[in-house]
Every structure is written in C-alpha cells, then in structure tokens.
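J.: Per the numbering used here, the sequence shown starts with residue 69, numbered consecutively. Don't be surprised by glycine CBs; every beta carbon is placed ideally from N, CA and C. As the structure is a computational prediction, the values presented were derived from the model and not from experiment. Quick one: this structure, given as structure tokens, is what I'll be asking you about.
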Amino acid sequence: NAEHAEHAIKMLNGSILGGAEITVSRMPLSADGTKLKVTGIPTGIEWQDLKDHFSQCGQVAFVKTDEQKGGGKGFFSPVRPMIPGSFLGGG
69 NAEHAEHAIK
79 MLNGSILGGA
89 EITVSRMPLS
99 ADGTKLKVTG
109 IPTGIEWQDL
119 KDHFSQCGQV
129 AFVKTDEQKG
139 GGKGFFSPVR
149 PMIPGSFLGG
159 G
C-alpha cells in the first residue's frame, strides 16, 4: 500500500547502490500511490540487484530497470514492509 511505499522512500532515498547514490520518489501517475521511481542507478545494475537492494525494507512486488540504457532508472512496487526479525524469501 501507499504507506509501504512511503517507508521505502524514507529508508532508501539517498542510499548507495553499486557505488552510486540513488533517488527514490513516488511515481506521479501511480493511482494507488504504491509505485516508486528510482533514478541514479549506475550502469551494470540489473533488476535483481535493484530488487535485492529494496528487499531490505520489505517484500518486493515488481522491479523493472531500463535495460537498453544499462541503468539509469527503475521502478519498484513494495508489497509490505519488513518486520524486524522476520525472514522474507525471494520471489
């Protein structure tokens, strides 16, 4: 939901991925407020790397990177925030 997306923004905006600082913001056209835009992704980062990075704040529903440009931006949709002490498997 939108609260989970806000949690991801607060936790990961300005974080380091592949040696570069990324920017995480809400997608303006996301009707339910759950889709996020990630910019500043360095070249060579694959969708799995982005998913792994975002999994630290909860289960990831969807990740897409701009593969033609080799990085730059991605899209993320969280499912639920991580509860301290819990384990969320891949998927």
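(1) Ala88 by DSSP, collapsed to three states: which one?
(2) For the putative contact between Val92 and Ala70, defined by C-beta atoms under 8 Å, what is the C-beta separation to the nearest angstrom?
(3) Opposite Ser93 in the DSSP bridges: which residues?
(4) Counting only the same chain and skipping the five closest in sequence on each side, list residues whose C-beta sits under 8 Å from that of Asn81.
(5) Can you give me the C-alpha to C-alpha distance between Ala99 and Glu114, rounded to a whole angstrom?
T.: Judging by the given coordinates:
(1) strand
(2) Contact flag wrong, Cβ pair sits at about 14 Å.
(3) Lys105
(4) Ile90, Thr91, Val92 and Ser93
(5) 26 Å
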